[in-house]
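Participant:
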């Protein structure tokens, strides 16, 4: 059998099609013969490579039942779709259930003579469950794809493993769709519309919806997963996730902000629209650039206009602003490349930026995805049978009421009379007060409550009860062994927080400390008392405990050792993989969704290959933000749902292992992780071995990564955090492996080292 990847590069799969303007739709496959011959109507190879659970054809209808990772592809002679004026992919399809989804992937090359290929994907959602004719616009749905060297279509990442049916696959001729009757829909009487496509001629193209601070400032991607940023020229770029707005504050008139759109055919659109708020008198310049000859040619031409020339004035209120292409001259609009906002005289707030259709400018409307509401009911609070005790009155900067240490690291701490004022620079930091220098047994207090009294300030933080290791020794890794974090606001009544100790999912026999962590406000909070009490005041009710996942710092399987490897630099991926193969080990990769989805990184193919070799692929968010620091539950949910969407698109599966970016953990992101994963046992994976590549890799002493690794392993650490972002770290990776083996450890995947019953056997 000819495999898909081989077929794309074989002349036998079809000769290059000659370029000519279309006059009718191009039928790719009507499934009259393809099942028995593996050839479609264009004479090219088509198959599922036996990835489906079953597949059959009858009466021109292809029926198939996907299993995990299943796909079906149609190859064809290299098609110049754009030149030939084909506008849409058309599928006559029947999904098994209403709301089903799948991914359509277009494979293309830089030219019809090229030997390497690239893929661009489009997620189709909201299918009806009945027969429907699905039309997917080529230019807007497959942004950045070279439509003049299209090689194949792949249907994949099916949301349901029940039976699907497919009747016809074709390319829609734009001239034919407006001058003649379109081909009839599939033979069943239901809808002929689809979620994911708009009118047959144009769908608005979103450039950026400012959905994530991290996507902008850390990954430097826009909504098209193309480069965007300020090259450090702005004083700040601050995203408000709740409103989908970004505030650009300039350093000087040399400040600028750019965003790329690939090499899009802008002639299909009317112009660009976005909402802007700026003080009266604000001016700036808008510039556009395009390629000069072909999309592969780096040469560009640009044109710019001032806000005055565009007729834009500002008064401090938000309004919709737009311009038509006629405002700019000298560009090749069929190859639009980028937009630049430069020389702003004042801070400017931008709303979603999009290419609109037709002659009437319209602003992009951000779709709303309602978050699953948390339970709001409360229950009466029963009393305990043992007396309580005071933990901290904050009367001494050095010790608490029990005589043990308390402190806040890099938090700003201001001590007063029986109070401390905390200001956290970010969610990374914690104020900790010890209950013991080892372990304190609180099992007799299981029916009691942790009471924290405040004197003003916010309650936007988590309260953690931390569990010590089995040795009750801070010199043994991990320390702490785990913790559970609960949301202060959910348990607050006025300026008092009452949390049942039974709500903390930790071993109460080995409690080490209480911590205030995951602070997601820059305002101050004033603590005046912390104690264990047997009862709560009259009128105080307790909310239900929400699932918060399982936080792990170390492997539980005896003598096991796991490398948890976070995303890195694609240029080092091959060398990392070579070391893994040479040493004969299995590892776990934690993948950032936006990087995985960006075809220019090559990470999707790299991780597919590693997964096929037996390695675990887990989640690391979509844009790598400090999750607990995000402003809203909705923005936290978005990171999980987008990461899951990409994982499903690329691998067709759902992982229940997640590593929080920067190790930042708190109650809200934990609760939403458990909800997204659908399991209270969903793992949040920290580490007990840190090679400290972030600290030493690019210094004059990179070998200190080896010292850090050896030190943590000597303390008993067995779960690693590392990145392949640095050349020196990848160079030392082989030595890390050999040091772990020398310690008598068996190296395996994270799920295997957790004795997960769903993990593959060793």
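Numbering (our numbering), first residue to last: 2 to 763.
C-beta: ideal position from N, C-alpha, C; glycine also.
Is the beta carbon of residue 168 closer than 7 Å to that of residue 90?
Facilitator: Taking 7 Å as the Cβ cut-off, residue 90 and residue 168 do not qualify as a contacting pair.
Participant: Would you mind sorting residue 399 into buried or exposed? The rule is 16 or more other CB atoms within 10 Å of its CB.
Facilitator: Exposed, because fewer than 16 other Cβ atoms sit within 10 Å of the Cβ of residue 399.
Participant: For residue 1, which residues in the same chain have their Cβ closer than 6 Å to its Cβ, ignoring the five residues on either side in sequence?
Facilitator: Not covered by the structure: residue 1. The range shown for the chain is 2 to 763.
Participant: From this set, 207, 493, 545, 501, which residue's C-alpha is nearest residue 457's C-alpha?
Facilitator: The candidate whose alpha carbon is nearest that of residue 457 is 493.
Participant: On the CB-based measure, 16 or more other CB atoms within 10 Å of its CB, does residue 390 come out buried or exposed?
Facilitator: Its Cβ having fewer than 16 others within 10 Å, residue 390 is exposed.
Participant: Using 7 Å as the threshold, is the C-beta distance between residue 344 and residue 286 below it?
Facilitator: Contact: yes.
Participant: Under the three-state reduction of DSSP, which class applies to residue 757: helix, strand or coil?
Facilitator: Three-state result, residue 757: coil.
Participant: Going by the DSSP bridge assignment, what does residue 174 pair with across the sheet?
Facilitator: DSSP output for residue 174 lists 87 as bridge partner(s).
Participant: Look at the alpha carbon of residue 277 and the alpha carbon of residue 238, and state the distance between them as a whole number of angstroms.
Facilitator: Straight-line Cα distance between these residues: approximately 15 Å.
Participant: For the alpha helix (DSSP H) that contains residue 710, what are its first and last residues?
Facilitator: Counting along the chain, the alpha helix (DSSP H) containing residue 710 begins and ends at 705 to 715.
Participant: Just grab the DSSP bridge partners of residue 103 for me.
Facilitator: Answer is 125, bridged to residue 103.
Participant: Can you tell which of 440, 547, 442, 438 has its C-alpha closest to the C-alpha of residue 489?
Facilitator: Considering only alpha carbons, the answer is 547.
Participant: What is the DSSP secondary structure of residue 306, counted as helix, strand or coil?
Facilitator: DSSP places residue 306 in strand when its eight states are reduced to three.
Participant: Going by C-alpha to C-alpha distance, which of 283, 381, 298, 301 sits closest to residue 309?
Facilitator: Nearest of 283, 381, 298, 301 to residue 309, Cα basis: 283.
Participant: Scan the segment 199 to 267 and note each continuous beta strand (DSSP E) run of 3 residues or more that stays entirely inside, going in chain order.
Facilitator: Runs found: 206 to 209, 235 to 241, 246 to 251, 257 to 265.
Participant: Can you tell me whether residue 628 is helix, strand or coil according to DSSP?
Facilitator: Here residue 628 sits in helix by DSSP.
Participant: Taking the C-alpha atoms as reference points, what is the distance between residue 122 and residue 104?
Facilitator: Between residue 122 and residue 104, the C-alpha separation is close to 7 Å.
Participant: Inspect the beta-carbon positions of residue 92 and residue 208 and report whether they are closer than 7 Å.
Facilitator: No, they are not a contact pair.
Participant: My output table needs one value for residue 745: the three-state DSSP class, helix, strand or coil.
Facilitator: Three-state DSSP puts residue 745 in coil, outside helix and strand.
Participant: Here's the rule: buried if 16 or more other CB atoms are within 10 angstroms of the residue's CB, otherwise exposed. What is residue 263?
Facilitator: With 16 or more Cβ atoms within 10 Å of its Cβ, residue 263 is classed as buried.
Participant: Mind checking whether residue 47 and residue 55 have CB atoms under 7 Å apart?
Facilitator: Not a contact, by the Cβ cut-off of 7 Å.
Participant: State whether the segment 712 to 725 contacts the segment 525 to 534, with contact taken as three or more CB pairs (one from each stretch) at a distance under 8 Å.
Facilitator: Too few Cβ pairs lie closer than 8 Å, so no.
Participant: Between the alpha carbons of residue 189 and residue 140, how many angstroms are there, rounded?
Facilitator: Residue confidence for residue 189 is low, a pLDDT of 29 falling below 50, so the modelled location carries little weight and cannot support an answer.
Participant: Nearest to residue 430 by alpha carbon, out of 82, 664, 215?
Facilitator: With distances taken between Cα atoms, residue 430 lies closest to 664.
Participant: Going by other Cβ atoms of all chains shown within 10 Å of its Cβ, with 16 needed for buried, is residue 51 buried or exposed?
Facilitator: Residue 51 comes out exposed.
Participant: For the structure I just gave you, are there three or more beta carbon pairs, one from the segment 622 to 633 and one from the segment 412 to 431, closer than 8 Å?
Facilitator: The segment 622 to 633 vs the segment 412 to 431: in contact.
Participant: For the beta strand (DSSP E) that residue 417 lies in, which residues bound it at each end?
Facilitator: It spans 413 to 417 - the beta strand (DSSP E) in which residue 417 sits, taken as one unbroken run.
Participant: Once DSSP output is grouped into helix, strand and coil, what is the label at residue 691?
Facilitator: Residue 691: strand per DSSP, three-state reduction.
Participant: Looking at the secondary structure, which residues open and close the beta strand (DSSP E) in which residue 55 lies?
Facilitator: 55 to 59 is the span of the beta strand (DSSP E), which, as asked, contains residue 55.
Participant: For residue 23, which of 175, 149, 227 has the nearest alpha-carbon?
Facilitator: Minimum Cα distance to residue 23 is reached at 175.
Participant: Whole angstroms is fine: what's the gap from residue 755's alpha carbon to residue 454's?
Facilitator: Approximately 38 Å between the Cα atoms of the pair.
Participant: Return the first residue and the last residue of the beta strand (DSSP E) that residue 32 is part of.
Facilitator: Careful: residue 32 lies outside any beta strand (DSSP E) and carries neither H nor E.
Participant: So, with DSSP's three-state summary, where would you put residue 365?
Facilitator: DSSP places residue 365 in coil when its eight states are reduced to three.
Participant: Work out the CA separation of residue 126 and residue 191 for me, nearest whole Å.
Facilitator: Residue placement at residue 191 is flagged as unreliable, the pLDDT there being 26, under the threshold of 50; a coordinate-derived value is accordingly withheld.
Participant: Going by DSSP, what residues sit across from residue 521 in a beta bridge?
Facilitator: In the DSSP output, where bridge partners are listed per residue, residue 521 has none listed.
Participant: With a threshold of 8 Å, are at least 3 pairs of Cβ atoms found where one atom belongs to the segment 220 to 240 and the other to the segment 303 to 317?
Facilitator: The segment 220 to 240 is not in contact with the segment 303 to 317.
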